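Everything in the sequence shown is counted per full-length UniProt numbering, starting at 1 for the first residue and increasing by one. Even for Gly, the Cβ is constructed at its ideal location relative to N, Cα and C. Here the structure is a predicted model, which means the values were calculated and not measured. Scroll down for the structure; my scribbles are underneath it.
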Amino acid sequence: MLVPVYNRQKMERLEQLILTVDFVLFFLHTKDIQFLQQGICLENIEKNIFVIPGNNCCSCCDAPFIKRISKENTEKLIRLYYMYEFTDNFSMITDDNTSFPNIFNYVETGLLTLQEAWQALLS
């Protein structure tokens, strides 16, 4: 697939961003990013984490490790996710339960605590 030069440069910047951190969490829906707000202590985790809320996420959660991106870049990042899906440092979290539940469903049902879910996700 050929990508126009201006789009290719943006994609390369996003690729470089992914390579500079230990872990990228890409939230697509407000419901899931709310788990980030519910008192999770990310300072205890010794990884360089980058959280990206998608377009459907609210702007109520702000921290230095959260990066907001445009709708256009969200779509590009989703494409990049499918390229990097085989790596263990890029996770897309969505409430699309058509294929399998995400880890926060285990929190909602009481099978995991919120802290256990984060530890499992980031380990």
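Simplified DSSP assignment, three categories, for residue i
i, result
"L112", "coil"
"V21", "coil"
"N102", "coil"
Euclidean distance between Cα positions of residue i and residue j
i, j, result
"E12", "L122", "25 Å"
"Q9", "D22", "22 Å"
"Y82", "E108", "27 Å"
"G110", "Q119", "16 Å"
"T20", "Y106", "30 Å"
"Q16", "T113", "33 Å"
"T74", "A117", "25 Å"
"S70", "F90", "19 Å"
"Q115", "L80", "28 Å"
"F27", "I103", "12 Å"
Buried/exposed call for residue i, threshold 16 Cβ in 10 Å
i, result
"L77", "buried"
"M92", "buried"
Residue(s) in a DSSP beta bridge with residue i
i, result
"S91", "L25"
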